[in-house]
Structures are given as C-alpha cells and as structure tokens.
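Colleague:
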Amino acid sequence: MKRIILLLLVFLLLPIFSIGQNASSYCFTAASSTYVPLTSATNVLGMSATDDDKVSDLTPLPFGFVFAGQTYFQFAVSSNGWLSFVNPAITNLQNYANSIGNASSIKPALLPLWDDLKNGTIPRYAVSGTAPNRIFKIEWSQQRWNYLSNNDVISFQVWLYETTNVIEYNYKQGASAISGTATATIGIYDVADTYLTLDNSGVAPAASSSTFITSIGAKPASDQLYRFTPSKPASVTIAASPSGTICTGGLVTFTATPTNGGTAPTYQWKVGTTNVGSGGSVFSSATLVKGDVVSCVMTSNASPCLTGSPATSNAVTMDVRPPLPALTAAITGAGCSSNDGAISITNGNSALEFLQADNDYVDLNAPILSGRKAFAMEGWIKYKSSDIPGGLTSLFGQNDAIEFGFSGTRFHLWTPRGNTYVNIPAGLGDDNWHHIVAMGDGTNIKIYADGVLLVTQAAGVGTSDYGSSTFSTKVGSGVFNATGNTFTGQIMKVGIYNRALLPAEIINLASSPTNYTAATSGLIAGYNLYEGAGTTLASVPAGTNATLVNTPVWKDPCTYSWAKTGDAAFVRTTKNISGLTTGSYTLTVSLAGVGCPTATTFTVSAAATTWNGSAWSNGTPTASKKMVFAGNYPNTINTDLEGCSCEVANGVAVTIKGGRYMRVQNEVVVLGTGTLTFEDKASLIQVQDLLSTPNSGIITYKRRTNLIDKFDYTYWSSPVKNQKLIAVSPTTLGDKFLSFDAAANNWKYEDSYNTNMIPAKGYIIRGPQEFYAPNPPTGIHEASFIGEPINGPVTIAIEGTAVYNLIGNPYPSALDANAFLSANSTVLQGTIYFWTHNTDIGIGVSNPGTGTYAYSSDDYATYNLTGGTATRAAAPSATNPGAINTAAPTGEIAAGQSFFAVSTAPGNAIFNNAMRTKSGVVLSNSQFFRPSLNSQKVVSLEKNRIWLNLTNAQGAFKQILVGYVSGATNNYDNAYDGANFNANAFINFYSLQDDLDLSIQGRALPFDEKDTVSLGYESNIAGDFQIALDQKDGIFDNKSVFLEDRVLNSIHNLTQDPYHFATEAGVFKERFVLRYTNKTLQTDAFELPNTGVVIVSKNKEISIESLDGKLIDKVLVYDFSGKQLYSKTKVDASRVQLLNLTAIDTVLIVKVLLQNGQTITQKIRY
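Position one of the sequence shown corresponds to residue -11 (the working numbering), numbered consecutively onward.
1. Whole angstroms are fine: how far does the CA of Gly367 sit from the CA of Ile479?
2. How far does the beta strand (DSSP E) with Ile433 in it extend, from its first residue to its last?
3. Given Ser727, which residues of its chain have a CB within under 8 Å of its CB, disregarding the five upstream and five downstream residues?
4. When DSSP builds the beta bridges, which residues end up paired with Lys1020?
5. So, using beta-carbon positions, are Ile369 and Ile565 closer together than 8 Å?
6. So, do the segment 507 to 515 and the segment 524 to 535 have three or more beta carbon pairs nearer to each other than 8 Å?
7. Going by C-alpha distance, which of Arg112, Thr173 and Gln212 is nearest Lys160?
8. Is it buried or exposed for Gln757, if we count other Cβ within 10 angstroms and need 16 for buried?
9. Pop quiz: Met365 and Ala426 are said to be a contact at Cβ under 8 Å. What is the actual Cβ separation, rounded to whole angstroms?
10. Just mark Asp1072 as buried or exposed, buried being the case when its beta carbon has 16 or more other beta carbons within 10 Å.
11. Quick check: what's the CA-CA separation for Ala902 versus Val675?
12. Is Phe808 helix, strand or coil when you go by DSSP?
13. Rounded to the nearest angstrom, how far is the Cβ of Gln885 from that of Tyr689, given a contact under 8 Å?
14. Output needed for Pro798: all residues of its chain with C-beta closer than 6 Å, excluding positions within five of it in sequence on either side, in chain order.
15. Determine the direct distance from the alpha carbon of Ala785 to that of Asn733, and round the result to whole angstroms.
16. Expressed to the nearest angstrom, what Euclidean distance is found between the alpha-carbon atoms of Lys42 and Tyr177?
17. Distance, Cα to Cα, Glu1075 vs Lys906?
18. I need the straight-line Cα distance from Tyr409 to Leu442, nearest angstrom please.
19. Given that a residue counts as buried once 16 or more other Cβ atoms are within 10 Å of its Cβ, and exposed if not, what is Ser203?
20. Let me know the secondary structure DSSP gives Leu511 once reduced to three states.
21. Start and end of the beta strand (DSSP E) containing Gly775?
22. So what does DSSP say about Phe1074, is it helix, strand or coil?
23. Quick one: using the 10 Å Cβ neighbour count with 16 as the cut-off for buried, is Leu1142 buried or exposed?
24. What would DSSP say about Glu787, mapped onto helix, strand or coil?
25. Do Leu659 and Ala641 have their CB atoms nearer than 8 Å?
26. Under three-state DSSP, which class holds Glu493?
27. Do three or more CB pairs link the segment 541 to 555 to the segment 332 to 344 at distances below 8 Å?
28. Apart from the five residues just before and just after Gly788, which ones in its own chain have a Cβ nearer than 7 Å to its Cβ?
29. Between Thr474, Thr502, Asn496 and Ser219, which has its C-alpha nearest Lys481's C-alpha?
30. Specify, as a first and last residue, the run of the alpha helix (DSSP H) that Val74 falls within.
31. Taking the alpha-carbon positions, what's the Thr403 to Gly378 distance?
32. Looking at the structure shown, is Arg904 part of a helix, part of a strand, or coil, going by DSSP?
33. In terms of DSSP beta bridges, what is Arg691 paired with?
34. Spatial neighbours of Phe73 within its chain, please: CB distance less than 6 Å, with the 5 preceding and 5 following residues excluded, ordered by chain position.
35. Do Ser460 and Pro313 have their C-beta atoms closer together than 8 Å?
36. Check Ala498 in the structure and name its three-state DSSP category.
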C-alpha cells in the first residue's frame, strides 16, 4: 500500500502504571555476535512470504516469558518488524507507522526494527537448549525496507531467554540498500507505556526512556547485537552461624548473601537500630544478648540495572542463653599409681517427679505467702498434656491465699481478690522443660511462660495484701484445696519472692536454671534441689527447709559427658565418677532445651604431703603421694625420697644429698625461682615413660670427675635438655670439646659455644685450663648440668657394622647396663667400654720415671653380661673422696657417663625408664663405676667369676675377667665375651679363645673343674710382674684357683698369694693357663722317664741326648724366676752340650723342643 507520510504526530501522554518492573528500567547494552540463520524453524501462521502490513496469528510460546513484570505465553509478529505478546486490533497505519501513539496500540511489544517493511520470507521461529535455560528465537529473513522494495535489505532475529528474561536483537545486512527514506524505531515498549528506544543503529547507541525515537535511517551492521536485560531489585538475606539458640559469650558470625547485589555492594550491619560492623558481607559478635535483632542494609550504586538500592535484609532475632550454672565438686585424690580417685558434683541440677495417684508434694512447712503486698512464684516444669486432668491441678501456692496451677487447658491464678486465667501455650505440655512465672505487683497479676508475658490483669489491692491463711505453702499438691489436685510431672528449681520480678529478670530465669543465692533480692525461699536424695530440701536463704511428702521421686534431668585430658578412650556419662587416676577431667552438662551446656574441668591430684622447711604435712612421702616443697630442703638431710610427683614452689631451694635419690612416678615441676639440685652421685628417677603432665622448670645436676689435669679428657653425656657444651667445663679451651664420628672412625671437633648436647650422645671434654699437671694430679672438676631433666624413651643413631659408637646415659640417674645391652642386642655387640680418666703420670714409655705412679696409664674398663674389668689397682685410701677409680664396672652406668659400644648393624639404640632400676631397686650412681656402700644388687643370672690383675710395683695394671655364666657358651658370645680394647701404654693382659684376645670371657655352665683357659700378655717394659687374684664370686668363693706357667712347668695356687715372674718385653700367648686343679711337679726328679731324652748336669756342663734318634730343634734354659739364660735354635742333631752358663749353684729349668713337635721340660741342679 502507499506509504502515508504523517505530517503531524500526536503524542498521547498516558498515565504510567506498573505491575512489577517497567521496560524503562531495563538495562541496555550493545555487542557483537555472529548472525546464524535459523534452521529447522517453524513459519508463523497467518502470513505469506510477500505480505505487507500483516500481523501473524497468535502463536504459543514454549515457556512463560516475563516482560516488564508480566508473564506472557503467546506472541504475534508483524511484517513491519515488531512483535507483540497480544493480538492487537489495529489498522494498517498503526501497524507500519512507528509512533508512540501506535506503540501504545500494539503493546506490550518488542521493536527489533519497526518501520514500513515488507516480508521477503515468512517469519519463523525455533527453540534451542533445555529447560530452564531455553532460548526462543524469531527471525525476519531478507526483509524489504519499504513496501515498494523487492530486494533483500536486512535480516534480523529476536531471542527470548528463559529464566533470565533477557531480550536480544541480532542483525545481518542484505545486499540491497534501503529504498527511500528510513525512519525506524528499535526498542521495547511495555503494557504500562514505558519504553526504551535507541537513538541510532550503530555499535554503541544510547537508550532513552523519555523520548520515543523514530528516526533511525541506517541498517544495523551485520552481527550487531542489542541486549535488553531486566533490571533486578536489590535484595539481600542474612544467616547466622551457629543458628538457633546461642550461648552467652559465644561467637556468632552473620553472612550477607545478595540475591541481586549488583557490583561491589557495601553492607551496613545493624543490631536493633545501632550501626555495627565494618562494611563487609560478614559480621561477627560475641556480645549479643537475648532479643537482639540483627539485620543489614546493602547499598550498590555500581550497576545501572539494579533497582531498590539500598535494600534491607531479613532480621534475625537472637535467642541467647547463658550456660547452665558452673559446677562444683568434692574431689577425692588418687593414689599415684592407683585408680581410687573420685569426683562428686555438689551443685548439680536435680528434679522431683510427682504422681497424682500418690498425692506427691513438697511442704514448705510455713505459710510464707500470707500477707504479701507483692509476690512472685517461679520454677521449671516438665509434663505431658495427656497427664493433666480437666479440673484443677496444683503447681505452686498456699491454699486460701495465693493459688497457682492449671484449670483444664488454662493457667489459673487465684487470690481472695479474684481469678486470672490464660490459655496454656501450645507445646508447653510436650514433656520438655519450660519456665513459668505467676506474680502480682500490687496492681496487676501477670503470668509468663518461657519468658513471654501471657496475660496482665488488673487486680489492684491498694494498701492491702493478697490474702493470708494458716495453710503451709506447697508445691505439686494441696494448693487449690487443702489436699489433692496433684500435679503429674517433674518440677525443678522453685523460687518464691516477696516482690514482683522485672521483665529482664524473668528472661534471664527462663534462659537457664539459676542457682539461688542468699543475695538474690526479695527471695523468700529458693530450692536448688542439689540434694538429689533424701526427703528434705534446703532453702536459700536458710530457714525454710521443705519436706517431701508421700513418694516424690528424685530425677536427674541432665545428661553428662566426661572426658580426660590426654586419654581419648576415657568416656563416662554419669554425674559422679570414681575409679579415677590422677589427671584432669572435664564434665560437660546439658539440659535438653534449656540453657547452654556448661563445661567444668576438675583435677584429681595425688594425695600430697608438703615440706614446710622442717617437716612433712601428711607424713613421709610415698609413691602414692605428691611431694610439694614449700620450704627449703637442705643437703644435710641424708635420706631417699619416694613420691608420686614433685613440685618445688617459687623461691624454694631443694638439694638432694650425694648418694641419695629422689624417685617419682610422674612429673617434676620447678616453679618460678625455685631450685632443685642433685649433688654428685645423687639420682633423679622417673618411673613413667610418658607423662600426662610434662616436666617443667629446670634442675641442676652436678657431677664430679676423678682426679684430672688439664690434659685429661673426661667422657660426658648430658642428663638434661639443651645443655651447652661449654657450660660443662667453662674454662676448658674451646677447641677441646669432641664427639666421635663413627663413620669416619675418628674424633670430631664440636663448636662448644653454640652446640647443645644431644641426648644419649657421647662427648669428650678436656680438663679445665687452670688444672696444671702435678705428679700425681690433684684436680677434681665439678660439672653442672642445668635444664629440664630428660625422661622417657630416647633414641640415638648407631652407625655401621663392627664400628665403635660413642653414646651415653641420657638420664639423671644410673642405667642398668644389662637391660640396655639386652634391649639393643640387634644393633650393639654385648660389651661396652668406659674411659677411666686415669692420668698418664710417666714422662713417656721410654722414660717412665720412678715411684709408685711411674707406669700409670689411661685405659678402657669393660663390661658385659659376664661382668666388668677395672683399669687400676687398689686406691691409696678407700676413704679419700678424690681417690683414683679402681673398681670394675658393676653394670650401673652413671649419670653423665658416655661410653663406647660396638655396632652389629646400623639402627637406633634405645633407652627407657625401665633401664633406670633393676627389679624396682634403685641403681647406684657412683662416679665412674665406683660401687656405693649402700648399692643394692639384684642377681638375675648365675655368675661364677674370677678377676685377675697383671701388675708391677710401679703402677702398671691390667685386669681380665673369666666367668662361668648362665647363657654363655665356650664359643664367642656377643653378650658374654668382650674383645680386648686396650689403650694402656705399657701392658696388656687378656684371655684367649680361638684367635680372639678377650678382656672378658664367658664360659658355659655347668662348671667343669678340668676346664682350662689360656692367658696372654704383652709388655713394653722388661722386669718383674705378678698375676694376682683380684676377686672371685659364686662357686669360686670356696674353691682354689691355679695358674700354670708352661715356661717354668709350674702350677701356682692364686687363692693363697700372687704369682711373681720376670719377663722381657714382647707378646706372650703360650706361657700361662688358668686352671682349677693342681698337678704338683716332682721337684726331686732330674730325669724324665719314658721321654726318650736324657738331660745330665755335671761339672758345669749340661748334656742333652735323644736316645731314639729324634732330632733336637731348640734348647732353652731359664732360672727359677723365669729369666731366660740360654737359647739355641736350629740344633738339628740328636745330641748337644751346653757350656759356661752364668748361673752358679742353682736350680735351672731346661726346655727341649724336638723337630717332631714334642716338648720336654726338666729341672736340674747346676
């Protein structure tokens, strides 16, 4: 049809109304999106491919589409480039003429390109995606722009998005230009006559909601996209965590979650009307109280599509309740190693159960409500609605004065001035606990349930009171009448006041059961029901004790959960608990629906005894009592101490005398400036490896060396934690602190100033620099180890196989060497070696000097399960406290001592508290193996032993041990045989087993007196020596021990006296044999019959002849001291003569060795 050009546009200004959102509030954006023609699309009905000014039939939408706040389910399209959600009754002019007036005729409408267009194809539609995210697409393809045009000018689509209700227009230019003048409109128009229209068809047009634009004269570019997004009302919700009932002081975190928050929203939190918080989406508080209302206001100005900002959230009303009353308890202490402790709660909540059939009640035994001008009665009740009859039921009150209870389904309060009724709230009879209050303030009667006011009724009494009677006040029965009307249910915490309660007081009372105190204002009688048993209830304040009448039953309304610190397996669920060991126990009490759980920790301590400086408060300490030192404890007290644990108070000095011990089952605690000092040879023994309460504070452990000079090294191990090396000997030169590198088999220098001693690691430290080297030495160094005492399991790495490792005792008490070696048999051989700290007095081996100490030497004492060997002869004086160490190791490794052990395989050596005693007996802690006079021994193996010493008059010394021990064999045993580890500069002495030189040799049981043991010795000096019996035990206490000298062909009884002999320097492994029988030589026989060899001495000549032709290999001649006088080798003859020997008129020993290996020894007179 011919286009009609309107010369005059009439704008109808209609009133704007809105149901929900308006089109004018939509958010417009422009973008680019590839245009894709629809495929598998459906043509709209009621149109042809060449129609002009035509509107299609209504077509159903595949989903409800919300436009400007209205939901639509169908659509119609116009050939003139618009879409309506209704079927408008319009003229052709209204169809193609894009004016605001005509827009109102086709509304609600979408205007992708409204102008005088003409179909090039039938508009079509399609659906993509799946619910709830489908897209409905409508396409005008190859449209003619001007009704006279027959060419493809433009194609465009409208996309409607399910759920988000976004509208998009997408364009593709055709090959033909616009025919004539274009005056198009692009936009949206709603049913309320609000709109958005674009001011051009470029890449970034502006959308106007105030001017309906009809002047677009250019085609949108291909792939141009225009998007209209519904504006979103700002909204926000808040939630609390934790939610529900909150405990007083509990931290509550509120989180704001915007439904439509726009961009970069800010939040103003409020408690009531007070602004709080910092503007973020999270607000936390631990100070909220019951009834506080929390909300927030969200503001967002950053998004043009957001409306309704600022938006206020929902409100959260806080139900904050205090915890149940704090608990108190009577505590029975536990024996240290026993489980006889107990905790009994003294103020727990208890309840009374009443039965109507039994007419149960509580009689307060006095009319305490008579003559009251104001009153309040409150308490906690628990009942089932089905147990309450239709008539009167008594709760609290006094007959003929003030009566309160139920009347059917109503609360009923009666006084002589009238009745007050109110319906019982729903849920009150749900068999849970609820708080109720009935009171009068002189003007009004009020009834509350769970802190909520149910009724206020005027019942003024002026100056008079609420009535009096002679009946006693009662609970549970006998309230409305002298008897009867009994309540069936439970009652807890009843309080009666001479005043009305304030609303805040009622809220607090209803929040959690309160413990009544005498300080409560106006309280006439409060009943806490702590008793839990019996028939009498104590009142607060005192003076109104109540009596249980008939058979009210005590009930415990709470649930209990006990836990023990450090023991996850400990669980108890009763109020009172017993059978407890020492420790901390926490009880959490809950009362369903009432208050908040409360947790209280109780400590079960060991029975204690306290030292006040002169005496113990609870008797002498024992293993079941805690030792508490509240006064000084001097070293003049010569006694051992046993305790469950030890505590030294602040400022108190405790000193344990040398040679005495303190043994505790558990922890040692030194508080503040208190001190706990262990003198040399004293011991601290802790029994438990793992302490529920750890050690705390520091001790001082002192250890004195033997006599040393500045050149002597002492072997140390720390019994405390974090001991600096330099602190052991502060005046020793800094480069004289070493450990042993087992892998390199060499000493390693340690940084003495910055190195903390590692538990169980051995160190050697040279003597203090001021200890000069006199002859003999006189310096004794006292080392102080200051720190927390080491206790419990300790491990130390063991390196290599058959490698020496320097390790040490990590405890401030002696260590049982047998237990240690047995526990570590997989990583260590059975012998350990102790440096003896003896000082090398001689100038040198080649010039040893003279006197008693000429050949004194450092050496290693040895120990295994057979026993130990010493390194020094007897001390000059047994009473000299500085005497040089002479004793063999006894199996007690002293505190502070390190030692060498030989590895069998790499791994870890272990130490534990079980090694600190032997069968429960405290070990001697004497310095460097010296046995204490009061050392207590526990024999666990059968041992029959002999110690032999090789010595000379100038101080050379070496000791060996041979023992017949249960478990040993006559072959090499790691646990019983100890290799010779010699550091003696002058001599060595050992027993022989196969090719091994042994300092300790264990032999098999049963003992065979025919057994013999070969002995060897080495000497760097020639001269006179002796072999002596040092000590013996077991079967040898009553048995003689003999030494055979094979050179001199003699057997000597060592039990009677030492064996003296002379020797040259050298190694001698064939001369001596230890034996247990005596085969006496015939000293008057000068010819040995049946040997085939004749030895004759005549005229100072000695003739030797082999009669059977056997050739002689060697001839040796000795004097009776063992000195060799003559030696001839490689004789290679059957006869030989010896002339001109230097001996005169004496007895000689001639030893002949034949080439066949036969040896003949004979005494002769010369």
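Where is the CB? At the ideal position from N, CA and C, for every residue including glycine.
Modeller: So, to answer that:
1. 7 Å
2. Asn432 to Ala437
3. Trp735, Lys736, Glu738, Lys749, Gly750, Tyr751, Ile752 and Leu794
4. Ile934
5. no
6. yes
7. Gln212
8. exposed
9. 5 Å
10. Note that Asp1072 has pLDDT 33, beneath the 50 cutoff, so the model's placement of it is unreliable and the number below is only indicative. Exposed, by the Cβ-count rule.
11. 7 Å
12. helix
13. Gln885 to Tyr689, Cβ: 12 Å. No contact.
14. Pro747, Ala748, Ile778, Val782 and Phe899
15. 15 Å
16. 20 Å
17. The pLDDT assigned to Glu1075 is 39, lower than 50, so where the model puts this residue is not dependable; a value taken from the coordinates is nonetheless given after this. Roughly 60 Å separates the two Cα atoms.
18. 10 Å
19. exposed
20. strand
21. Gly767 to Gly775
22. Confidence at Phe1074 is low in this model, with a pLDDT of 38, below 50, so the placement of that residue should be treated as unreliable; the coordinate-derived value is given next. Reduced to three states, the DSSP call for Phe1074 is coil.
23. buried
24. coil
25. no
26. helix
27. yes
28. Ala730, Ala731, Ser891 and Pro894
29. Thr502
30. Premise fails: Val74 is in no alpha helix (DSSP H) and is neither H nor E.
31. 21 Å
32. helix
33. Ala771
34. Tyr60, Phe63 and Pro96
35. no
36. helix
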